[in-house]
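Contents: one structure, followed by commentary.
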Amino acid sequence: MDVPAAPMTTPEDRPRTAPPSSDEASVREWGAIYAYIRQAGRSPEEARDLTQGFIADVLLGRDLRSRLDERRGAFRTLLLSSVRNYLADRYRHDHAARRHPGGDRRHVGGDAIESGIVDPAGVDPERAFARAWISRLVHEAAEAVRAEALATGREMAWDAFESRVLRAMLEGAEPPSYETIMRRWGLDSPGDVANAIVSMRRAFARRFAALVGDTVDASPASARAELRALLGLLEGRAS
Amino acid sequence: MNGPSPQRPDADWADQPLRDTLAWVLHSIEQPASAAGDWIAYEVDPSRASPAALLCDPSTPVSRLRRARILYAALRADGETAEERTLGSRLAVACAAAAFLFHGERLTSHDDAALLASFRSAAADEGLDPKVREMVSAAERRLAHAMG
Numbered sequence: 005m006d007v008p009a010a011p012m013t014t015p016e017d018r019p020r021t022a023p024p025s026s027d028e029a030s031v032r033e034w035g036a037i038y039a040y041i042r043q044a045g046r047s048p049e050e051a052r053d054l055t056q057g058f059i060a061d062v063l064l065g066r067d068l069r070s071r072l073d074e075r076r077g078a079f080r081t082l083l084l085s086s087v088r089n090y091l092a093d094r095y096r097h098d099h100a101a102r103r104h105p106g107g108d109r110r111h112v113g114g115d116a117i118e119s120g121i122v123d124p125a126g127v128d129p130e131r132a133f134a135r136a137w138i139s140r141l142v143h144e145a146a147e148a149v150r151a152e153a154l155a156t157g158r159e160m161a162w163d164a165f166e167s168r169v170l171r172a173m174l175e176g177a178e179p180p181s182y183e184t185i186m187r188r189w190g191l192d193s194p195g196d197v198a199n200a201i202v203s204m205r206r207a208f209a210r211r212f213a214a215l216v217g218d219t220v221d222a223s224p225a226s227a228r229a230e231l232r233a234l235l236g237l238l239e240g241r242a243s
Numbered sequence: 558m559n560g561p562s563p564q565r566p567d568a569d570w571a572d573q574p575l576r577d578t579l580a581w582v583l584h585s586i587e588q589p590a591s592a593a594g595d596w597i598a599y600e601v602d603p604s605r606a607s608p609a610a611l612l613c614d615p616s617t618p619v620s621r622l623r624r625a626r627i628l629y630a631a632l633r634a635d636g637e638t639a640e641e642r643t644l645g646s647r648l649a650v651a652c653a654a655a656a657f658l659f660h661g662e663r664l665t666s667h668d669d670a671a672l673l674a675s676f677r678s679a680a681a682d683e684g685l686d687p688k689v690r691e692m693v694s695a696a697e698r699r700l701a702h703a704m705g
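Residue numbers (the working numbering), protein chains in the order written: chain F, 5 to 243; chain W, 558 to 705.
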């Protein structure tokens, strides 16, 4: 799946209750919106145009985030259904325009919709959306933990966590040995490396859960439920 | 719960890293007391997802048990929470128990009486995984028998 890199904001170590600005939100959700539209069969160019159109017309234009009723669930599901509806509207609009050639066809090429450009991996659009959504959360959580570690003089801890856990897990990189990390940082005991990794894992998990919590409501139970739902989506279970 | 799965049997393998990440984050939130023990087991042997998997397998080499004991002892000394420090203490003892039970080797300089007392204490800790407690109990019985 070719999800172009959206311009990333600089993560701030803000309190978890502070909502992101609208501009920031539009950037943060860009990848997931694009992934859905692209995997729904649009060409890269069409998908970019539709993504930008959705952000301008719906996400920002209708202030989608403010319409979230916390009792109804996650912002993720509201966003997903809104993207789905937007695509259906655009499809109808485009076909009406084809029946009336004077109409506005600035975004969608009907042939492309009908023929479709399907990712060889064959994942469905909702799963592509979930994958991009989770990737963004992982990226933001990692960036926030990194910034916090560096700001508090815990460079070694971040290095150990990033090289032995994050890169190994997400990129399949060969993790450096404990001895390599100990030499790099002048440490005497492998226990120092292990404790640093445990501490960073915990910090990452807290940060990730807080980011997930920001997309539902403030309760830890909701964040846990959303985490389980995200895991279920990647495991092919409906959510 | 810790890292990449050793096998990727289906076409979903591309999502496996994200699934693994979500799984250990969720595990950390739902079972914070045991998460640190699992992560250290993974640090020692990425194919082992828990202390039970690492310590209760007779094929785990002594070198890995020795490394695990050092890491759990470090958790005992410098863990962030009291629960983590207690867990580190118990699992360091469990490493010594596994080395004694499966390989007949001593990882500590404790005398028999002190080692037996530490085995008994760990085996009685209901916070430990039942499989680990069972293994430590077996080591305790073997040591008691050897002591006559």
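Glycine residues also receive a C-beta, built at the ideal position from the N, C-alpha and C atoms.
Through-space distance from R663/W to D572/W, alpha-carbon basis: 43 Å
Helix, strand or coil at R647/W [DSSP, three-state]: helix
C-beta neighbour in chain F for E640/W, strict 8 Å: no
Cβ-based burial, D196/F [other Cβ within 10 Å; buried from 16]: buried
Buried versus exposed, by CB contacts within 10 Å (16 or more), T156/F: exposed
Collapsed DSSP secondary structure at H667/W in the structure displayed: coil
Cβ contact check for the region 639-650 of chain W and the region 586-601 of chain W: 3 or more pairs under 8 Å: yes
Environment of N89/F [buried if 16+ CB atoms lie within 10 Å]: exposed
Proximity below 8 Å, CB of L54/F to CB of A134/F: no
T638/W burial status per 10 Å Cβ neighbour count (16 or more: buried): exposed
Bounding residues of the alpha helix (DSSP H) (the contiguous stretch that carries G236/F): Annotation: the continuous alpha helix (DSSP H) that includes G236/F extends over 224-238.
Cβ distance (whole Å) where A146/F is taken to contact A200/F below 8 Å: Contact flag wrong, Cβ pair sits at about 15 Å.
Selection of the region 582-595 of chain W by Cβ proximity to chain F, strictly under 9 Å: For the region 582-595 of chain W, which is checked against every Cβ of chain F, the residues closer than 9 Å are V582, L583, H584, S585, I586, E587, P589, A592, A593.
Selection from T617/W, A590/W, P589/W that minimises the alpha carbon distance to D602/W: Sorting T617/W, A590/W, P589/W by C-alpha distance to the C-alpha of D602/W places T617/W at the top.
Whole-angstrom distance between S167/F and L673/W, CA atom to CA atom: Cα-Cα distance, rounded: 39 Å.
C-beta atoms of W189/F and M160/F nearer than 8 Å: yes
F79/F versus G236/F - alpha carbon distance: 17 Å
Near-chain W residues of the region 195-206 of chain F - C-beta to any C-beta below 9 Å: Those residues of the region 195-206 of chain F that come within reach of chain W (Cβ to Cβ, closer than 9 Å) are G195, D196, V197, A198, N199, I201, V202, S203, R205, R206.
Residue from R46/F, E49/F, E33/F, R205/F whose Cα sits closest to the Cα of V62/F: That would be E33/F, whose Cα lies nearest to the Cα of V62/F.
Close Cβ partners of P615/W (< 7 Å) along its chain, the five nearest in sequence each way excluded: F659
For V127/F, the three-state DSSP class (helix, strand or coil): coil
P608/W: first and last residue of the uninterrupted alpha helix (DSSP H) it sits in: First-last of the alpha helix (DSSP H) with P608/W: 608-612.
Nonlocal neighbours in the same chain, by C-beta distance under 6 Å from P180/F, ignoring five residues either side: S167
Three-state class that DSSP yields for Q255/F in the structure shown: Coverage of chain F is limited to positions 5 through 243, which leaves residue 255/F absent and any answer about it impossible.
Listed by chain order, chain W residues near V149/F by CB distance under 8 Å: By Cβ distance, chain W contributes nothing, its closest Cβ being about 12 Å from V149/F, past 8 Å.
Sequence-distant residues of the same chain with beta carbon closer than 7 Å to A701/W, five excluded per side: L673
Cβ-based neighbour list, S694/W, same chain, cut-off 6 Å, excluding 5 preceding and 5 following: A680
Rounded separation between M704/W and F657/W - CA only: In this structure, the CA atom of M704/W is about 13 Å from the CA atom of F657/W.
Local Cβ density within 10 Å of T578/W, reported as buried at 16 or more and exposed below that: buried
Residue range of the unbroken alpha helix (DSSP H) whose run includes S70/F: Segment: none, S70/F is in no alpha helix (DSSP H) and carries neither H nor E.
Proximity winner among R69/F, T81/F, D67/F, A132/F, relative to I41/F (alpha-carbon distances): A132/F
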